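If you read the sequences in order, they're chains H and A.
Take the first sequence: its letters are residues 0 to 207, numbered as in numbering that gives the first Met the number 0.
Take the second sequence: its letters are residues 0 to 207, numbered as in numbering that gives the first Met the number 0.
Ideal Cβ positions, reconstructed from N, Cα and C, are used throughout, including at glycine.
On a predicted model such as this, the values are computed, not experimentally measured, just so you know.
Protein chains: 2
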Amino acid sequence: MSSQTVKTIPKRKTREEILELSAPLFARHGYDGVSMRDVAAAVGLTQAALYYHFSNKDQLYLDAVAYEFREKEAALKAMLAGNGTPWERLERFVAGLARMMATDKDFLRLVQWVLLDTDEARQSTLAKQVFRDMFVAVHDLACELDPHQDAHLLAMSIFGLVIFHFQTGATRKFMPGHRPHQDDPEVLARHVCELLRRGLAAADGEAR
Amino acid sequence: MSSQTVKTIPKRKTREEILELSAPLFARHGYDGVSMRDVAAAVGLTQAALYYHFSNKDQLYLDAVAYEFREKEAALKAMLAGNGTPWERLERFVAGLARMMATDKDFLRLVQWVLLDTDEARQSTLAKQVFRDMFVAVHDLACELDPHQDAHLLAMSIFGLVIFHFQTGATRKFMPGHRPHQDDPEVLARHVCELLRRGLAAADGEAR
DNA sequence: GTCTATATAAGGATAGAC
DNA sequence: GTCTATCCTTATATAGAC
Numbered sequence: 000m001s002s003q004t005v006k007t008i009p010k011r012k013t014r015e016e017i018l019e020l021s022a023p024l025f026a027r028h029g030y031d032g033v034s035m036r037d038v039a040a041a042v043g044l045t046q047a048a049l050y051y052h053f054s055n056k057d058q059l060y061l062d063a064v065a066y067e068f069r070e071k072e073a074a075l076k077a078m079l080a081g082n083g084t085p086w087e088r089l090e091r092f093v094a095g096l097a098r099m100m101a102t103d104k105d106f107l108r109l110v111q112w113v114l115l116d117t118d119e120a121r122q123s124t125l126a127k128q129v130f131r132d133m134f135v136a137v138h139d140l141a142c143e144l145d146p147h148q149d150a151h152l153l154a155m156s157i158f159g160l161v162i163f164h165f166q167t168g169a170t171r172k173f174m175p176g177h178r179p180h181q182d183d184p185e186v187l188a189r190h191v192c193e194l195l196r197r198g199l200a201a202a203d204g205e206a207r
Numbered sequence: 000m001s002s003q004t005v006k007t008i009p010k011r012k013t014r015e016e017i018l019e020l021s022a023p024l025f026a027r028h029g030y031d032g033v034s035m036r037d038v039a040a041a042v043g044l045t046q047a048a049l050y051y052h053f054s055n056k057d058q059l060y061l062d063a064v065a066y067e068f069r070e071k072e073a074a075l076k077a078m079l080a081g082n083g084t085p086w087e088r089l090e091r092f093v094a095g096l097a098r099m100m101a102t103d104k105d106f107l108r109l110v111q112w113v114l115l116d117t118d119e120a121r122q123s124t125l126a127k128q129v130f131r132d133m134f135v136a137v138h139d140l141a142c143e144l145d146p147h148q149d150a151h152l153l154a155m156s157i158f159g160l161v162i163f164h165f166q167t168g169a170t171r172k173f174m175p176g177h178r179p180h181q182d183d184p185e186v187l188a189r190h191v192c193e194l195l196r197r198g199l200a201a202a203d204g205e206a207r
């Protein structure tokens, strides 16, 4: 029945599929490490078809990264929403961020690529788009936690404490004192929160 | 007079020059972002000449990174040597690392590229070669600072607190609360040491 | 040691049929 | 929307002269 072309249903499906399948490629190999041929092969199309959906490789990359980041936006915001004391919210955020970094390696790697990007325009676009909201929220939280500190530095330190552990994930296992349970995001979150709360002062009265 | 060929004098000069000039290129654009043509142009040779000194691009890259890392090794070790209380040594190290990261952007970027490398062999080689000695020293220092904590996690946190600030250097200026003096390595070092010493407990008796 | 010239492959991108 | 076919550029690497 119905010889009429049923073209209203699968509309725009391909474009999203391209973004979804190319994002992991860019995450693993970076912009220069992925060719249009690679993307086409992953999606199951020819190169030429990609140019129907995106004007060029740069645009495809930019959209793929933005797509991946948009996917994470809701989750990231949820971590910082809600109520409770500043410390409770900090603990919730640190635990959530750690869990996300442990779970979605591609997202972490895309962040790293963006940080290494030398294209000013591309970097500022993506930075503002992804990092800014996130940073603002943590920045405000930092203000509440300790009004006397530099909130900018403190917010960055909070991110760094969590993210750096996962950035070094692959090389950490060659370092002394490594034990598997340190890869557990909950263990890391506890470590970070404890450090933020009291520093090293918790220990016995070691020299100053 | 000696008609014998006097080949002992200018030996190996070109090879080192290639390494010295290509390392900044790889630092800025990564392995895939630099072609043999680029390197040749930077050194003032033709592509073909590069293959006299290195068997292929991979080897050139590996040697260039190792060369750059070896250059930094002495400076890094000096930071951790010497005597004093653990806290004094920590402060000296944090300040030195911050200054190095602020000064030598190329070195920082090479570290980031290595962390993103998906080639297991290449990564483990470089990681052990550069990071390990460094990490061991900080790890031992962490043990002295607080024997009750996980020294592995603590050492990584110390690195992360310093390095992450510089990794985000280019994007930090788009974030709220940014002021130029935060880029000063001394300011950062003080912030990090203060955080490590007392955490946020320094503030007034905020909740918990 | 470095050059010129070239082989061979891979890359981004477009034209035009269907 | 997707294909085939193709163009042009850039890339790694080698051969052989000097």
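Would you tell me roughly how many angstroms separate the C-alpha atoms of residue i and residue j, rounded to the nearest one?
i	j	result
histidine 177 of chain A	arginine 171 of chain A	7 Å
leucine 160 of chain A	alanine 188 of chain H	15 Å
alanine 154 of chain H	glutamine 58 of chain H	31 Å
phenylalanine 92 of chain H	leucine 194 of chain H	15 Å
tyrosine 66 of chain A	arginine 11 of chain A	14 Å
alanine 48 of chain A	proline 175 of chain A	50 Å
glutamine 111 of chain H	proline 146 of chain H	30 Å
glutamine 148 of chain H	arginine 197 of chain H	15 Å
serine 123 of chain H	lysine 76 of chain H	21 Å
glycine 32 of chain A	arginine 131 of chain A	27 Å
histidine 28 of chain H	valine 42 of chain A	27 Å
leucine 107 of chain H	phenylalanine 165 of chain H	8 Å
valine 186 of chain H	alanine 73 of chain H	24 Å
glutamate 87 of chain A	glutamine 181 of chain H	28 Å
glycine 168 of chain A	lysine 127 of chain H	14 Å
histidine 138 of chain A	asparagine 82 of chain H	37 Å
aspartate 103 of chain H	leucine 140 of chain A	32 Å
proline 179 of chain H	glutamate 90 of chain A	30 Å
lysine 162 of chain H	valine 191 of chain A	In the sequence as presented, lysine is not what sits at residue 162 of chain H; that position holds isoleucine. Their backbone Cα atoms lie some 16 Å apart in a straight line.
leucine 44 of chain H	methionine 133 of chain H	36 Å
proline 85 of chain H	phenylalanine 158 of chain H	16 Å
Going by beta carbon distance, what residues of the same chain come within less than 8 Å of residue i, once the five residues before and after it are set aside?
i	result
cysteine 142 of chain A	Ala150
leucine 109 of chain H	Ala22, Phe25, Ala26, Val64, Glu67 and Phe68
Quick one: residues in its chain with C-beta nearer than 6 Å to the C-beta of residue i, no 5 flanking neighbours on either side, listed in chain order?
i	result
alanine 63 of chain H	Leu18, Ser21, Ala22 and Phe25
phenylalanine 68 of chain A	Val129
leucine 79 of chain A	Phe92 and Ala136
arginine 14 of chain A	His52
valine 113 of chain A	Leu125
Beta-carbon within less than 7 Å of residue i's beta-carbon, same chain only, minus the 5 sequence neighbours each way: which residues are those?
i	result
tyrosine 60 of chain A	Phe25 and Tyr30
lysine 56 of chain H	Met35
leucine 199 of chain H	none
Pick helix, strand or coil for residue i, following the three-state DSSP scheme.
i	result
threonine 124 of chain A	helix
phenylalanine 173 of chain A	coil
lysine 33 of chain H	Rather than lysine, the amino acid found at residue 33 of chain H in this sequence is valine. Looking at valine 33 of chain H - three-state DSSP - the assignment turns out to be coil, as it is neither helix nor strand.
histidine 147 of chain H	coil
arginine 108 of chain A	helix
arginine 11 of chain H	coil
tyrosine 60 of chain A	helix
serine 54 of chain H	coil
leucine 49 of chain H	helix
leucine 199 of chain A	coil
glycine 159 of chain A	helix
leucine 44 of chain A	coil
arginine 131 of chain A	helix
threonine 84 of chain A	coil
aspartate 116 of chain H	coil
threonine 167 of chain H	coil
aspartate 139 of chain A	helix
* To do: Compile a chain-ordered list of the residues in the stretch 118-134 of chain A whose CB is closer than 7 Å to at least one CB of chain H.
  => Gln122, Ser123, Ala126, Lys127, Phe130, Arg131 and Phe134
* **the stretch 111-121 of chain A contacting the stretch 93-100 of chain A, beta-carbon criterion three pairs below 8 Å** => no
* **chain H contacts made by the stretch 149-176 of chain A, where a contact means CB separation under 8 Å** => Asp149, Ala150, His151, Leu152, Leu153, Ala154, Met155, Ser156, Phe158, Gly159, Leu160, Ile162, Phe163, His164, Gln166, Thr167, Ala169, Thr170, Arg171, Phe173, Met174, Pro175 and Gly176
* Got a sec: which bits of the stretch 55-84 of chain A sit with their beta carbon under 9 Å from any beta carbon on chain H, in order along the chain? -> Thr84
* Contact residues within the stretch 29-45 of chain H, judged by C-beta distance below 7 Å to chain A -> Gly29, Asp31 and Gly32
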